[in-house]
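Protein chains in written order, with this note's numbering: chain H, 1 to 304; chain Y, 305 to 1132.
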């Protein structure tokens, strides 16, 4: 049975290790993990395991408001180190090609999401969750103006999104370590440097500033290997990209960091309004003093 | 304007009004007048009050009333923080003692309308955080919920424990010119002002006792009793119920109210760091360990409540709180996420919601409001801009409400552009001409003046339905013809009297019934106790350092003492390494300077302000002000030190006479004693180790620094000498400056704390080192042998100081360790 569903699929093994080393004892800690890949039509998780060190005092799985799988962990014994390792084996299936020309104009797509005194269709209602400001994505005229050239009158929404992706890829230099999650987007746009989070947030901001719906997707990308020369930026760490609501086709995923549509190189873990909804590890610790963080991600394509 | 010689029966009472009392009270044809009929006669339900207030010389009545009101406000310490300022720029609460009167009949409509609205909004919240049917059916726009920063996605699917979403709801109402009451705004998150309403009532009750009795004013205290009951009603039998008020802290604008409500409702006032979540259960950190918390009445904004799932940058919240809510282990009043309804954008949709969810029509209408997200509404707003007020739809927008009429030229074009670019983020409202009511003019000619008023009314959820407070907070505009009432902008307040003819509802029977019941003393948050402990330490540290500096300044004439005294001061940090005595007090570069310690003292005091008497707090503010205002003029320093020492002594007095003597107080005392022991032992060890230890002038200086000159003279006939001085300052068990005295006192306190908390005693070296007479005699002589004896003695004294420091660490570890750590929110 399994064989049937995975025929023609690309199989990956992913290992994602996050390690915090603290300068002093952490006496109590709550952690929220978004590390279990959510199933979709194009992705099937065959195996998944999260190991935590030290041994957690309490652990529970939940589903968040956006349908993602969340693991909640609590520690109550003093510790100087926290290591969370997530391992998975996953099958990806190719996605159908969508012709940008077949999607609605961006103006129409935006207008259809607005209130018109009657109930919106179910899918549009869901999309409405993702067209407003969220903690990391403010709506500003700055973004409307920046992206103006990508949104000429009457252009299909997906063609706009594609142009925007290409523009961001051209304008913003991928520069790890130069921004943090708290760097405001206008500053990223001014300095034109950032990482995948910034690319994704900027693209989302440009779309939402025009009343369109866009989601933040977190996950992993395929890594460069010796015989596979064409590597993707963002490997070696967790990655992030954008899903845009392009009726009548629905959600289409684009990766502005790599200027590419998402296909069998991207493994999705979770999606939300922005980084804050789906950060792989989010926690509050009591004590700990200074801390050092190291993250290691390996994505291996398995031979079939 | 008062018709004279009027023979009309109905207007008869007016004839008895003292001439001129209403002279400055001018009716406004564009407003409803609470006091006057359209023919400018006094409305019947106001007559008894107005008659009373004008029976004698109305000016005297007004003056007396205003004076008494001011005095009571000052005595009760009623304040309102205009902006966050640790220096204590709290503004006294502004209360006009003339109440706003509402007839039973008028009240009936308001009561029913407010109760209905509370039910309605509760049902709306349940839908938004549940099935979202109203969104799917298009009865309300998604934009209102999903675009609102207080729509908390992590709360979606949640069912609040203890029933309602809105335990407390407040509605701001205004009376339109036609006499009907309209809803201006809904307060759903953490409505403020109920505490001020109660405080207002307590004050006005004393200013106008006769009028209150005569008019049969409905009491409001029962409302608070019911609130308290309701907060704990979900606790199962057998559990030890504990409800707390969660405050953002002393710098919040309505902190007074948080503290006041805590006292009135008998709840523990806590900050986020006082609570911890373990296994989905909320606990209060107390000196006696963790105590389960069942209900949190929160005065903290929605998104600040849990840094784990909501705003990660919130240092005010409780990590894991949402998990505990989701697990149904704690009730929040109000539930998290209720702030989403605080937007004028909802108003226009509420009639449809009421129809759909309750099958009812609204008893109280809302002020006409257009949400610009709908094309026809936007078109209307742009066409009628001059008649409307433009407001933001979401609280996080940087946009102040503006009157369309006031917009001209460039600014007008910009606002129109903003409306068109993001119409769903704006709301337009009809301008409301508020009704006017009489106030006593606080300045100038005494008498009545007219001011615009709006009222805030409160409803709580009870097992038998919504209960509306029979009264509330009336808010008064600053000036005639001003329609904006805002406490932040300097408006005042009034008590609201709901008149009753019903005897059992009236005031007389229940006068003096008190709600007060203090929280069990074990429920004091450890943070509070820790700050009390440090308040004790810093107070004594300031005192000891000041005394040392003063004694040192007095030795100026003797070059030898002067030099060695300065050296000791520098070692102890009273004077910076390169500093001089005359400027030491104000030395901002020196982190151990007296002024730096005064700042620490004041900070600790601000953290425990609810525990301090108003005299204590005033003394702290006074010390700080005086030190800051003074300049480091040489001659002034001694005066300044004298005054400082007096004020610090007053603090000690307040601490022992005015404070509840519970664990917190006991640890404040331990803090004082530990500090004194440590400082005194360190100073003495310093002295013993110096070459000049046996010189009389040096010993005199030391006795002065210990405030022990007089005791020494009364006890020893000899001139100051090292042996007798050590006898007095080390061994004497009755002299409060002596090490032995402090040593024994600390031991007694620790035993008392252990007894009261039921744990073991915090251990420390229980034995005070014994110093024999022979040893005392030995240290007095000259020569190498005596020097060696002094060195050994210095070490023993220094060991005492170290024991004190270790005890302090142990106390911290035992009682405060879980709170003195910082929390960090980290995300990858």
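No residue lacks a Cβ here, since even glycine has one placed at the ideal position from N, Cα and C.
- prompt: Looking at residue 682 of chain Y and residue 486 of chain Y, is the spacing between their C-beta atoms short of 8 Å?
  reply: In this structure, residue 682 of chain Y does not lie closer than 8 Å to residue 486 of chain Y by Cβ.
task: Could you tell me if residue 504 of chain Y is buried or exposed, where buried requires 16 or more neighbouring beta carbons within 10 angstroms of its beta carbon?
output: Buried, by the Cβ-count rule.
query: How about residue 1023 of chain Y and residue 1035 of chain Y: do their beta carbons lie closer than 8 Å?
result: no
query: In chain H, which residues lie less than 7 Å from residue 1127 of chain Y when you measure between Cβ atoms?
result: 284, 285, 286
- prompt: Apart from the five residues on each side of it in sequence, which residues of its chain come closer than 7 Å, Cβ to Cβ, to residue 934 of chain Y?
  reply: 940, 944
- prompt: What residues from the segment 15-46 of chain H come within 8 Å of chain Y, judged by C-beta to C-beta, listed N to C?
  reply: Going along the segment 15-46 of chain H in chain order, one finds 18, 20, 27, 28, 30, 32 with a Cβ nearer than 8 Å to chain Y.
message: So, at 6 Å on beta carbons, what are the nonlocal neighbours of residue 354 of chain Y in its own chain, with the 5 sequence-adjacent residues on each side left out?
response: 346
message: Going by C-alpha to C-alpha distance, which of Y:1074, Y:484, Y:357, Y:477 sits closest to residue 1136 of chain Y?
response: The structure shown does not extend to residue 1136 of chain Y, since chain Y is modelled only from 305 to 1132, so the question has no answer here.
task: Rounded to whole angstroms, what's the CA-CA distance from residue 748 of chain Y to residue 377 of chain Y? Just pull it up for me.
output: Going by C-alpha positions, residue 748 of chain Y is about 21 Å away from residue 377 of chain Y.
task: For residue 461 of chain Y, return the contacting residues in chain H, with the cut-off set at a CB-CB distance below 8 Å.
output: 65
message: Quick check on residue 368 of chain Y: buried or exposed, where buried means 16 or more other Cβ atoms within 10 Å of its Cβ?
response: exposed
- prompt: Can you find a C-beta in chain B that's less than 8 Å from the C-beta of residue 206 of chain H?
  reply: Among the chains of the structure shown, chain B does not appear; the protein chains present are H and Y.
query: Applying a beta-carbon distance threshold of less than 7 Å, which residues of chain Y neighbour residue 78 of chain H?
result: By Cβ distance, chain Y contributes nothing, its closest Cβ being about 11 Å from residue 78 of chain H, past 7 Å.
Proximity test, Cβ basis, 8 Å: residue 1120 of chain Y and chain H: no
Partners in chain H for residue 450 of chain Y, counting only beta-carbon separations shorter than 8 Å: 128, 129, 131, 132
field: Interface partners of residue 181 of chain H on chain Y, CB under 7 Å
entry: 1131
- request: Within the segment 559-636 of chain Y, note down every full beta strand (DSSP E) run reaching 3 residues or more, in order along the chain.
  value: 572-574, 579-582, 585-590, 593-596, 599-602
- request: Could you check how far apart the C-beta atoms of residue 734 of chain Y and residue 634 of chain Y are, in whole angstroms? I think they sit under 8 Å.
  value: Not a contact, Cβ separation roughly 41 Å.
task: Examine chain H for any beta-carbon lying closer than 8 Å to the beta-carbon of residue 677 of chain Y, and answer yes or no.
output: Residue 677 of chain Y counts as touching chain H.
message: Against residue 120 of chain H, what residues of chain Y qualify as contacts under a CB-to-CB distance less than 9 Å, listed in chain order?
response: Those within 9 Å of residue 120 of chain H in chain Y are 439, 440, 442, 446.
Spatial neighbours of residue 417 of chain Y in its chain, beta-carbon cut-off 6 Å, leaving aside the 5 residues before and after: 667, 668
message: On the DSSP letters alone, give me the boundaries of the beta strand (DSSP E) that residue 485 of chain Y sits inside.
response: 485-491
- request: Return the residue from the list Y:906, Y:737, Y:1075 that minimises the CA-CA distance to residue 482 of chain Y.
  value: Y:737
- prompt: How about residue 115 of chain H: is its C-beta nearer than 8 Å to some C-beta of chain Y?
  reply: yes
query: Can you tell which of Y:407, Y:564, Y:639 has its C-alpha closest to the C-alpha of residue 462 of chain Y?
result: For residue 462 of chain Y, the closest C-alpha among the options Y:407, Y:564, Y:639 is that of Y:639.
task: Starting from the N-terminal side, write out each stretch of the alpha helix (DSSP H) that is 4 residues or longer and does not extend beyond the segment 250-280 of chain H.
output: 275-278
- request: Mind checking which residues open and close the alpha helix (DSSP H) that includes residue 1037 of chain Y?
  value: Neither: residue 1037 of chain Y is in no alpha helix (DSSP H) and is coded neither H nor E.
- prompt: Cβ of residue 612 of chain Y less than 8 Å from any chain H Cβ?
  reply: yes
query: Who are the Cβ neighbours of residue 813 of chain Y in its own chain at under 6 Å, not counting the five residues just before and after it?
result: Residue confidence is low: residue 813 of chain Y scores 35 on pLDDT, short of 50, so the model does not pin down where it sits. No coordinate-derived value is stated.
- prompt: Nearest chain Y C-beta to residue 280 of chain H closer than 8 Å, yes or no?
  reply: yes
message: Strictly below 8 Å CB to CB, what residues from chain Y border residue 72 of chain H?
response: Ordered by position in chain Y, the residues that pass the 8 Å Cβ test against residue 72 of chain H are 627.
task: Spatial neighbours of residue 238 of chain H within its chain, please: CB distance less than 8 Å, with the 5 preceding and 5 following residues excluded, ordered by chain position.
output: 16, 218, 219, 220, 269, 280, 295, 297
message: For residue 85 of chain H, list the residues DSSP reports as bridge partners.
response: H:17, H:51
- prompt: Taking the continuous beta strand (DSSP E) assigned at residue 540 of chain Y, which residues delimit it?
  reply: Run containing residue 540 of chain Y: none; DSSP gives neither H nor E here.
- prompt: At a Cβ threshold of 8 Å, is residue 403 of chain Y touching chain H?
  reply: Not closer than 8 Å to any Cβ of chain H, the Cβ of residue 403 of chain Y fails to qualify, so no.
query: Considering only the beta carbon of each residue, do residue 692 of chain Y and residue 708 of chain Y sit closer than 8 Å?
result: yes
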